[in-house]
Each structure stands twice: as C-alpha cells, then as structure tokens.
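Numbering (the numbering used here), first residue to last: 2 to 130.
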C-alpha cells in the first residue's frame, strides 16, 4: 500500500514530489504543508494494520519537506540566528534535499537487491554433509 499525495499543484507519490522539488519543476512554496500533513494523518488512520516501515519512510520525507519549506520562508537577518542548524551562511535547503534523495535512493536500491538475493537463495537447496 503506497501513499499518494493529492494537492492542487501535484498528485502522486510523496517521493516523486520530493524529486520534482529537487529538479525545480515544482516550487516548494506552492505546497500547502497543512493539507499535506492532514492527508497523511488521515492515511495513517485509514490503514487497517500500521505498516511501520512505510509510515516512517513517508514521515521522514514529510518532515524534510516541512523543514526545508520553513527554512526558506524565514527571513534571514545577519547576526540574528546563531543556531548551527539554521546558519545564515549555511547551504541551500534544496541541496540538503538533494542529498537526502540520493541517500534515500541508495537505500531503496539496496533493499531491492537484498530482496532479490533472498529470493534467489530461497531457490537453492543444499545437501547436508
């Protein structure tokens, strides 16, 4: 069961939304975070059996979107923000998104490969010595 976002600016899987924001095909300012969050909470409540892996994956992606959007919406005043996480001279939040998407893709590919290895191993029967 995969989660699909249904917004005015976008309809599709959440990881595709992150990808399109990364490629600047969708402006993050056009994403209503309150509506996105409400839809996701409704999705979790509608699930018969909570799939923790799926829920945690999308929760991390939604939190990343929210953090990036909030950092881009905040005005930047020199000397006002000393927090290391929100440095004035820090990297562009979209760069952080790119890095997270690359890492996410690596894990998805590794999971796919492990599943294939498991399937292949299930077909092998060894004889006891």
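Using N, Cα and C, we set each Cβ at its ideal position, and we do this for glycine too.
Predicted model only: the values in this text are computed from it and were never measured.
- When DSSP states are grouped into helix, strand and coil, residue 61 belongs to the helix group.
- Take the alpha-carbon of residue 128 and the one of residue 33: they are about 59 Å apart.
- Under DSSP, residue 33 shares a beta bridge with no residue.
- For residue 120 and residue 67, the gap between their C-alpha atoms comes out near 37 Å.
- Pairwise C-beta distances place the segment 102-122 in contact with the segment 13-31, as three or more of them are shorter than 8 Å.
- The Cβ-Cβ distance between residue 29 and residue 70 falls below 8 Å.
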